[in-house]
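Asks: Following the numbering used here, the numbering of the sequence shown begins with 373 at its first residue and continues without gaps. Positions of the beta carbon are idealized from the N, C-alpha and C atoms, including for glycine. I'd like to ask some things about the structure below.
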Amino acid sequence: MQAAFKRRDKALEYFSLFKGASMALHYSFQIPEDLLAEKKTEARRLLKGVAAQLIDQLEHRTLGYALLQKKLNEVFAFIETNREEISKRNVLRTIRYLKDVTESSVYLISLVRHRTMIGLRFYTILFIIIFPLVQAPILLFRLESLVPAWAIYIFLALTSLILVTLSNFQTLIEYPFDSKGVDNIHVRDFTPDI
């Protein structure tokens, strides 16, 4: 469960990097006076397309990076095509911002596929099933004269219920981009305001 919380916090960090770098890219395209207004509008459209593609992939759990890479390649092609209108210093900045957008989006897309290992989940479920079967005879043997047997069975039932609840909670927080939980990340909040 702790890993899922860390993954959520890291996702928030990378979402912030994505939005910040996207905004910086947008401003870098809006500053040059030599860049025509149509080109600035095209740059805005391309950046909105990158953000929309990332959000769509996260919301629909789409595996793979190819679709997003295609959108990023379009932004890079725009930079290459308009290199003369964008100053040399500004081109270097835009490449750095594009690197940040790429890095953050790669991490966020990787969360679609790479979550808690299946083997670890299997052992957790197995432990939850076996735990009361092992614990009951031990507690009955040790506490037979002190506590009535029905109290031990109720205690074990409550313990198992708590473990199953925690396991279900782990499953709910495992993927922080769906809208199933209250604490999940609202991906639409990280759409660049351009």
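Where do the ends of the alpha helix (DSSP H) carrying Glu475 lie?
Replies: Residue 475 sits at position 103 when you count from the first residue of the sequence shown. Note, Glu475: alpha helix (DSSP H), Lys460 to Arg485.
Asks: Would the beta-carbon of Leu444 fall within 9 Å of that of Ala383?
Replies: For the purposes of this step, residue 444 is identified with residue 72 of the sequence shown, where counting begins at 1. For the purposes of this step, residue 383 is identified with residue 11 of the sequence shown, where counting begins at 1. Contact flag unset, no.
Asks: Whole angstroms is fine: what's the gap from Gly491's alpha carbon to Phe503's?
Replies: Locating residue 491 in the sequence shown gives position 119, counting from the first residue. Locating residue 503 in the sequence shown gives position 131, counting from the first residue. About 18 Å.
Asks: Ends of the alpha helix (DSSP H) at Asp381?
Replies: Taking the first residue of the sequence shown as 1, we reach residue 381 at position 9. Per DSSP, Asp381 belongs to the alpha helix (DSSP H) from Gln374 to Gln402.
Asks: How many angstroms separate the CA atom of Leu505 from the CA atom of Gln542?
Replies: To locate residue 505, count along the sequence shown from 1; it is residue 133. To locate residue 542, count along the sequence shown from 1; it is residue 170. Rounded to whole angstroms, Leu505 to Gln542 spans 23 Å at the Cα level.
Asks: Taking the beta carbon of Tyr495 as the centre, do at least 16 other beta carbons fall within 10 Å, making it buried, or is it exposed?
Replies: For the purposes of this step, residue 495 is taken as the residue at position 123 of the sequence shown. It is exposed - the Cβ of Tyr495 has fewer than 16 other Cβ atoms within 10 Å.
Asks: Would you check if there are 3 or more beta carbon pairs closer than 8 Å linking the region 456–468 to the region 396–413?
Replies: Yes: at least three Cβ pairs fall under 8 Å.
Asks: Taking all protein chains shown into account, do 16 or more other C-beta atoms lie within 10 angstroms of the C-beta of Val422, making it buried, or fewer, making it exposed?
Replies: Residue 422 sits at position 50 when you count from the first residue of the sequence shown. With 16 or more other Cβ atoms within 10 Å, it is buried.
Asks: For Tyr469, which residues from the same chain have a beta carbon less than 6 Å from its beta carbon, with the 5 sequence-adjacent residues on both sides left out?
Replies: Working through the sequence shown from its first residue, we reach residue 469 at position 97. Taken in chain order, the residues that qualify are Ala393, Ala396 and Leu397.
Asks: Taking the alpha-carbon of Arg433 as reference, which of Ile467, Glu546 and Asp472 has the nearest alpha-carbon?
Replies: Looking up residue 433 in the sequence shown gives position 61. It is Glu546 whose Cα lies nearest to the Cα of Arg433.
Asks: Buried or exposed for Tyr399, please, with buried defined as at least 16 other CB atoms from any protein chain shown within 10 angstroms of its CB.
Replies: As a first step, residue 399 must be located in the sequence shown, where it is residue number 27. Exposed: under 16 other Cβ atoms inside 10 Å.
Asks: Name the two residues that bound the continuous alpha helix (DSSP H) containing Pro504.
Replies: Against the sequence shown, residue 504 aligns to sequence position 132. Residues Ile490 to Leu515.
Asks: Which one of Lys412, Arg485 and Thr453 has the shortest CA to CA distance from Leu435?
Replies: Residue 435 sits at position 63 when you count from the first residue of the sequence shown. The option with the nearest alpha carbon to Leu435 is Arg485.
Asks: For Phe562, which three-state DSSP category applies?
Replies: Taking the first residue of the sequence shown as 1, we reach residue 562 at position 190. Reduced to three states, the DSSP call for Phe562 is helix.
Asks: DSSP state of Glu456, grouped into three classes?
Replies: For the purposes of this step, residue 456 is identified with residue 84 of the sequence shown, where counting begins at 1. It is coil, neither helix nor strand.
Asks: Checking 9 Å against the spacing of the C-beta atoms, do Leu535 and Phe499 come in under that value?
Replies: Here the question's residue 535 lines up with position 163 in the sequence shown. Here the question's residue 499 lines up with position 127 in the sequence shown. Yes, the pair counts as a contact, with Cβ atoms nearer than the cut-off.
Asks: Closest by CA to Thr474, which one among Val447, Ala415, Leu511 and Met489?
Replies: As a working mapping, residue 474 is identified with position 102 in the sequence shown. Closest by alpha carbon: Val447.
Asks: Suppose you measure from the CA of Arg493 to the CA of Ser388; what does that come to, to the nearest Å?
Replies: Translated into positions along the sequence shown, residue 493 becomes position 121. Translated into positions along the sequence shown, residue 388 becomes position 16. Roughly 30 Å separates the two Cα atoms.
Asks: Taking the alpha-carbon positions, what's the Ile517 to Leu483 distance?
Replies: In the sequence shown, the residue the question calls residue 517 occupies position 145. In the sequence shown, the residue the question calls residue 483 occupies position 111. The amino acid occupying residue 517 in the given sequence is Ser; Ile does not appear at that position. For Ser517 and Leu483, the distance between alpha carbons rounds to 52 Å.
Asks: Could you tell me if Leu439 is buried or exposed, where buried requires 16 or more neighbouring beta carbons within 10 angstroms of its beta carbon?
Replies: Position 67 of the sequence shown, counting from 1, holds the residue named residue 439. Leu439 is exposed by the Cβ-count criterion.
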